[in-house]
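Count the sequence shown with UniProt numbering and you get residues 1 to 335, in order. Cβ atoms here follow ideal geometry from the backbone N, Cα and C, with glycine treated the same way.
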Amino acid sequence: MQTLEISIYVLAFLIALALLFDFMNGFHDAANAIATVVSTGVLKPQHAVAMAAFFNVVAIFFFQLKVASTVGKGTIEPAVVDHYVVFGALVGAIVWNVITWYYGIPSSSSHALIGGLVGAAVAKAGTGSLISAGLIKTISFILLSPLLGFVFGSIMMVVVSWMFVRTTPRKVDKWFRRMQLVSASMYSLGHGGNDAQKTMGIIWMLLIAAGHSTSSDPLPMWVVLSCYAAIGLGTLFGGWRIVKTMGQKITKLKPVGGFCAETGGAITLFLATALGIPVSTTHTITGAIVGVGSSRKMSAVRWGVAGNIVWAWVFTIPASAFMAAVAWWIGTKIL
């Protein structure tokens, strides 16, 4: 691809903007990892946030950078990428994240970023700029990740119920209060491993376009470290508006239910990250929570709340794509 003339100041600004998105990703999605452990009363909010932030960063030692490669090289044609496209994608995703955070809607930061990339690329070069294989794989997991979360969460709940059928509720509660610390840590690990890599992919895309890296080069370690640090800091500040929706409004959870939901969600995230697929932690944990609730009885799930969340999922990619297209146009005037 042709190397672009991008000033060091514009490059630094866009990298800072990408890290801001990464910070907001942690801030926005912190509730996904800690909502259940907080709502069941196992941990105080500040302790849960600190634990989630720690495991977000520790994920650097557990996962290969396959998701970063998918986002950086497998969503839009490299020849289309320039600083205007990256600017539009990031601004579109950030604006949608702020709107959904303000209203307490657990939408997907991941799909806001994918929508942003699509909107900015199409605004510049039309639909021919999109790589269909990568996008189909990503979009298919909009349906598959909550479905897998639902299946794994409900299976975990059924298995655990059979295993502890003769145990008193008090003992079950005491045991799973401890086990939920493990499951919440696993989910935070999966969250950091999948979500931090999406921002790495954006920065990688930008560095390749600017000629500071090639597609055959490994991802610079400073990018990896800074992205994991940014998402960890974002999680540390937390997204409290969304905790209540995820932890209590969908279904009432006890520690055993929280453990099953987090474990089912973590299995889904580990699987997707190993396959290099950028998935939504929001979709995944919501599906797992619904699976746990429905395994007890269908009426335990507040389907109206779950339905509102689904509508937010449906609108995320087109809404962020539209905002990114507008931001791309603005970027061509000011950058």
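With 16 other Cβ atoms within 10 Å as the buried cut-off, status of glycine 74: Against the sequence shown, residue 74 aligns to sequence position 74. Glycine 74 should be labelled buried.
query: Within 10 angstroms of its Cβ, does isoleucine 217 collect 16 or more other Cβ (buried), or is it exposed?
result: Reading the sequence shown from its first residue, position 217 is the one you call residue 217. A small correction: the amino acid at residue 217 is aspartate; isoleucine does not occupy that position in the sequence shown. With fewer than 16 Cβ atoms within 10 Å of its Cβ, aspartate 217 is classed as exposed.
Touching by the beta-carbon criterion (3+ pairs, under 8 Å), the stretch 110 to 129 and the stretch 214 to 232: no
- prompt: In whole angstroms, what separates the C-alpha of proline 78 from that of isoleucine 114?
  reply: Looking up residue 78 in the sequence shown gives position 78. Looking up residue 114 in the sequence shown gives position 114. If you take the alpha carbons of proline 78 and isoleucine 114, they lie about 15 Å apart.
message: Tell me which residues share the same chain as leucine 65 and place their Cβ nearer than 8 Å to its Cβ, disregarding the 5 neighbours each side in the sequence.
response: Residue mapping note: residue 65 aligns to position 65 of the sequence shown, counting from 1. If we look at leucine 65 and ignore the five residues flanking it on each side, its Cβ neighbours are Gln197, Met200, Leu219, Val224.
query: Fully enclosed by the stretch 166 to 199, which alpha helix (DSSP H) runs are 4 residues long or longer?
result: none
message: Which residue wins for smallest C-alpha separation from phenylalanine 87, given the options Ala50, Leu206, Thr286, Ile105?
response: Locating residue 87 in the sequence shown gives position 87, counting from the first residue. It is Leu206 whose Cα lies nearest to the Cα of phenylalanine 87.
message: What does the alpha-carbon distance come out to for the pair valine 160 and glycine 293?
response: Reading the sequence shown from its first residue, position 160 is the one you call residue 160. Reading the sequence shown from its first residue, position 293 is the one you call residue 293. Going from the Cα of valine 160 to the Cα of glycine 293 covers about 14 Å.
query: Skipping 5 residues on each side, what residues in its chain have a beta carbon closer than 6 Å to that of valine 91?
result: On the sequence shown, position 91 is the one that residue 91 refers to. Excluding positions up to five away in sequence, the list reads Ala327.
- request: Could you tell me whether the Cβ atoms of aspartate 22 and threonine 282 are closer together than 8 Å?
  value: Position 22 of the sequence shown, counted from the start, is the residue given in the question as residue 22. Position 282 of the sequence shown, counted from the start, is the residue given in the question as residue 282. Cβ atoms of aspartate 22 and threonine 282: not closer than 8 Å.
message: Rounding to the nearest angstrom, what Cα-Cα distance links valine 118 and leucine 335 in this structure?
response: Stepping through the sequence shown from its first residue, residue 118 is reached at position 118. Stepping through the sequence shown from its first residue, residue 335 is reached at position 335. Each residue's Cα considered, the two are about 20 Å apart.
query: Just the Cα atoms here: how many angstroms apart are leucine 17 and isoleucine 203?
result: Within the sequence shown, residue 17 is the residue found at index 17, counting from 1. Within the sequence shown, residue 203 is the residue found at index 203, counting from 1. Between leucine 17 and isoleucine 203, the C-alpha separation is close to 10 Å.
task: Give the DSSP-derived three-state secondary structure of leucine 130 in the structure shown.
output: For the purposes of this step, residue 130 is taken as the residue at position 130 of the sequence shown. Strand at leucine 130.
query: Alpha carbon to alpha carbon, what distance is there between tyrosine 84 and isoleucine 330?
result: For the purposes of this step, residue 330 is identified with residue 330 of the sequence shown, where counting begins at 1. For the purposes of this step, residue 84 is identified with residue 84 of the sequence shown, where counting begins at 1. If you take the alpha carbons of isoleucine 330 and tyrosine 84, they lie about 9 Å apart.
field: Distance, serine 132 Cα to histidine 111 Cα
entry: Position 111 of the sequence shown holds residue 111. Position 132 of the sequence shown holds residue 132. Whole-angstrom Cα-Cα distance: 15 Å.
field: Residues that isoleucine 76 bridges to, as DSSP identifies them
entry: On the sequence shown, position 76 is the one that residue 76 refers to. In the DSSP output, where bridge partners are listed per residue, isoleucine 76 has Leu130.
query: Excluding five sequence neighbours on each side, which residues of the same chain lie with their C-beta closer than 8 Å to the C-beta of residue 347?
result: Outside the shown range of the chain, which is 1 to 335, sits residue 347, and nothing can be said about it.
query: For the putative contact between threonine 273 and methionine 156, defined by C-beta atoms under 8 Å, what is the C-beta separation to the nearest angstrom?
result: Start at 1 with the first residue of the sequence shown, and residue 273 comes out as number 273. Start at 1 with the first residue of the sequence shown, and residue 156 comes out as number 156. Between threonine 273 and methionine 156 the beta-carbon gap is near 19 Å, outside 8 Å, which marks them as no contact.
query: Run through DSSP, which three-state label would proline 146 get?
result: Counting from one through the sequence shown, the residue named residue 146 turns up at place 146. Proline 146: helix per DSSP, three-state reduction.
- prompt: Where does the unbroken alpha helix (DSSP H) through leucine 275 begin, and where does it stop?
  reply: Counting from one through the sequence shown, the residue named residue 275 turns up at place 275. Per DSSP, leucine 275 belongs to the alpha helix (DSSP H) from 255 to 275.
query: What is the residue span of the alpha helix (DSSP H) that histidine 212 lies within?
result: Residue numbering aside, residue 212 sits at position 212 when the sequence shown is read from its first letter. That residue, histidine 212, is in no alpha helix (DSSP H); it is neither H nor E in DSSP.
task: Output the distance between the C-alpha atoms of isoleucine 250 and methionine 323, rounded to the nearest integer angstrom.
output: The residue you call residue 250 lines up with position 250 of the sequence shown. The residue you call residue 323 lines up with position 323 of the sequence shown. Because the pLDDT of isoleucine 250 is 46, which lies under 50, any placement of that residue in the model is unreliable, and the question is left without a value.
task: Go through its chain and collect everything with a Cβ distance to alanine 89's Cβ below 6 Å, but skip five positions before and after it.
output: Here residue 89 is taken as the residue at index 89 of the sequence shown, counted from 1. For alanine 89, where only same-chain residues beyond five positions count, the Cβ hits under 6 Å are Gly116, Leu117, Ala120, Ala324.
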